Amino acid sequence: MNIGTAARASGVSAKMIRYYEDIGVISPASRRTNGYRSYTESDVHTLRFVKRARGLGFPVEQIRRLVALWRDPRRSSGEVKRIALAHIAELEHKIAELQSIAQALQHLAGHCRGDHRPDCPIIDGLVEPERCHAPSGGREPAGRKTARPKKAGRSNAPAKTRVAA
Numbered sequence: 021m022n023i024g025t026a027a028r029a030s031g032v033s034a035k036m037i038r039y040y041e042d043i044g045v046i047s048p049a050s051r052r053t054n055g056y057r058s059y060t061e062s063d064v065h066t067l068r069f070v071k072r073a074r075g076l077g078f079p080v081e082q083i084r085r086l087v088a089l090w091r092d093p094r095r096s097s098g099e100v101k102r103i104a105l106a107h108i109a110e111l112e113h114k115i116a117e118l119q120s121i122a123q124a125l126q127h128l129a130g131h132c133r134g135d136h137r138p139d140c141p142i143i144d145g146l147v148e149p150e151r152c153h154a155p156s157g158g159r160e161p162a163g164r165k166t167a168r169p170k171k172a173g174r175s176n177a178p179a180k181t182r183v184a185a
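Under the numbering used here, the first residue of the sequence shown is numbered 21, with each subsequent residue one higher.
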């Protein structure tokens with residue numbers, strides 16, 4: 021079957037099928053004389069396995085290993101379990117981070133009046149993360165500093181040379 025038929029049968033887009041082939045998650049499909057990819061029912065079964073693993077949130081590297089283990093009749097179920105338990109631990113860590121973020125936003129939203137006034141604790145928390153008590157969403161690349169906007173009426177110029185606005 022061609023890639024479009026395999027995509028419909030597996031629920032995995034043609035673009036993702038090509039990607040999974042390129043990065044070695046699935047074996048490259050055989051080629052017809054016209055150069056088009058040709059997939060078998062076994063390939064579709066593998067694609068469904070990959071789709072279920074992605075649905076459970078496994079990262080691509082772990083899926084590659086799980087596919088290899090699935091194909092290996094001499095596999096150790098202990099290794100499969102270790103992969104699953106490591107993934108569960110990562111999910112629990114992410115859940116804890118998301119709960120912390122939700123609590124911080126709930127706190128900020130609870131202090132925002134939500135009216136016509138411009139002052140807003142949510143915006144302030146985004147400008148000054150220490151007010152927010154939540155993860156900042158990642159580190160800046162090494163050697164790069166986050167620039168903060170200057171407050172109105174302030175300048176880096178020496179006091180004597182400041183010009184009144």
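Where is the CB? At the ideal position from N, CA and C, for every residue including glycine.
Just so you know, these numbers come straight off a predicted model, no measurement behind them.
What does DSSP give as the partner residue(s) for SER50 in the beta ladder? SER58
Is the CB-CB distance between VAL45 and VAL64 below 9 Å? No, the pair does not count as a contact, with Cβ atoms beyond the cut-off.
With a threshold of 8 Å, are at least 3 pairs of Cβ atoms found where one atom belongs to the stretch 32–45 and the other to the stretch 78–94? Yes, since at least three Cβ pairs between the stretch 32–45 and the stretch 78–94 fall closer than 8 Å, the two stretches touch.
When you compare each of ALA116, GLY24, VAL32, LEU111 to PRO79 by their alpha carbons, which one comes out closest? Per the Cα distances, LEU111.
How many Å lie between ILE23 and ALA104 at the Cα? 30 Å
Considering only residues of the stretch 54–114, which uninterrupted alpha helix (DSSP H) runs meet the minimum length of 4 residues and lie entirely inside it, listed in chain order? 61–75, 80–91
Do you know offhand how far ALA162's Cα is from LEU128's? Summary for ALA162: the model assigns pLDDT 42, below 50, so the residue's position carries little reliability; its value from the coordinates is reported in the next sentence. Approximately 30 Å between the Cα atoms of the pair.
Under three-state DSSP, which class holds MET36? helix
Can you look up HIS136 in the DSSP assignment and give me helix, strand or coil? coil
Given a cut-off of 9 Å, decide if SER62 and SER50 are closer than it, judged by their beta-carbon atoms. no
With a threshold of 16 other CB atoms inside 10 Å of the CB of SER120, please say whether the residue is buried or exposed. exposed
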